[in-house]
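Colleague: Count along the sequence shown from 1, add 594, and you get the number used in my numbering.
For each residue, glycine too, the CB sits at the ideal point set by N, CA and C.
Predicted model only: the values in this text are computed from it and were never measured.
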Amino acid sequence: MKINEGSGVTVTGTYPNFSIKTAKPVATALTLPVTSYTPSPTSGAYSLGNNHHVIFANTANANANFTLPAPSSMKGKRYTFIKTSTNNSLIFSRGINTAPTASLSKTNYSGTNIKVTIVSTGTNWWKIEN
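(1) For the putative contact between residue 688 and residue 720, defined by C-beta atoms under 8 angstroms, what is the C-beta separation to the nearest angstrom?
(2) Would you mind sorting residue 714 into buried or exposed? The rule is 16 or more other CB atoms within 10 Å of its CB.
(3) How about residue 711 and residue 665: do their beta carbons lie closer than 7 angstroms?
(4) Would you say residue 641 faces chain C, with C-beta separation under 7 angstroms as the test?
(5) Considering only C-alpha positions, which residue in the set 678, 685, 663, 641 is nearest to residue 709?
(6) Who are the Cβ neighbours of residue 639 in its own chain at under 7 angstroms, not counting the five residues just before and after it?
(7) Between the Cα of residue 667 and those of 650, 691, 642, spot the shortest distance and give me the residue it belongs to.
(8) Taking 7 angstroms as the cut-off, decide whether the C-beta atoms of residue 657 and residue 685 are in contact.
(9) Since residue 675 and residue 693 should fall inside the 8 angstroms C-beta cutoff, what is the C-beta to C-beta distance between them, to a whole number of angstroms?
(10) Tell me whether residue 653 is buried or exposed, calling it buried when 16 or more other Cβ atoms sit within 10 Å of its Cβ.
(11) Strictly by DSSP, which residues pair up with residue 649?
(12) Is the beta carbon of residue 629 closer than 7 angstroms to that of residue 649?
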């Protein structure tokens, strides 16, 4: 029996040697570029752009300062920050909304491998998970 792609098929009865094979992959893995950033006490802010997606920030020796682009130029853009040291902080150049009436400009987590994801609505940056 040949089954054409996209056709609706109903199989009834007993078919001991029946199998379905597909020529196309069902899912494709998505690989995003990863950026590692290790600031020093004299480092300036790290400017983020469209090519950044996942940023590992080693804050062992200094705060990690990030310059976020204007949200109007990055509508729908998502950044994920992973803090890999218990020391120091992640600091952002723009406020990030955490609730309709609250925002943050600095996050200071006490653990390692803490993840903060933000997204631009075109008007503001919003924290969507951590």
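Modeller: The answer reads as follows:
(1) What you label residue 688 is simply residue 94 of the sequence shown in a count that begins at 1. What you label residue 720 is simply residue 126 of the sequence shown in a count that begins at 1. Not a contact, Cβ separation roughly 11 angstroms.
(2) By one-based count along the sequence shown, residue 714 stands at place 120. With 16 or more Cβ atoms within 10 Å of its Cβ, residue 714 is classed as buried.
(3) As a working note, residue 711 is residue 117 in the sequence shown. As a working note, residue 665 is residue 71 in the sequence shown. Contact: no.
(4) Judged by its chain identifiers, the structure shown contains no chain C, having just a single protein chain.
(5) The count along the sequence shown starts at 1 and reaches residue 709 at position 115. Of the candidates 678, 685, 663, 641, the one whose C-alpha sits nearest the C-alpha of residue 709 is 678.
(6) Counted from its first residue, the sequence shown places residue 639 at position 45. Closer than 7 angstroms at the Cβ level, and outside the excluded window around residue 639, lie 659, 660, 661, 687.
(7) Translated into positions along the sequence shown, residue 667 becomes position 73. Looking at the Cα atoms, 642 is the closest of the given residues.
(8) Walking along the sequence shown from the start, residue 657 turns up at place 63. Walking along the sequence shown from the start, residue 685 turns up at place 91. Yes, these two residues count as a Cβ contact at 7 angstroms.
(9) Taking the sequence shown and counting its residues from 1, the one referred to as residue 675 is at position 81. Taking the sequence shown and counting its residues from 1, the one referred to as residue 693 is at position 99. Not really, about 19 angstroms apart at Cβ, beyond 8 angstroms.
(10) As a first step, residue 653 is located in the sequence shown; it is residue number 59 there, counting from the start. Flag for residue 653 reads buried.
(11) Translated into positions along the sequence shown, residue 649 becomes position 55. DSSP output for residue 649 lists 629, 675 as bridge partner(s).
(12) Here residue 649 refers to the residue found at position 55 of the sequence shown. Here residue 629 refers to the residue found at position 35 of the sequence shown. Against a cut-off of 7 angstroms, the Cβ pair of residue 629 and residue 649 comes out as a contact.
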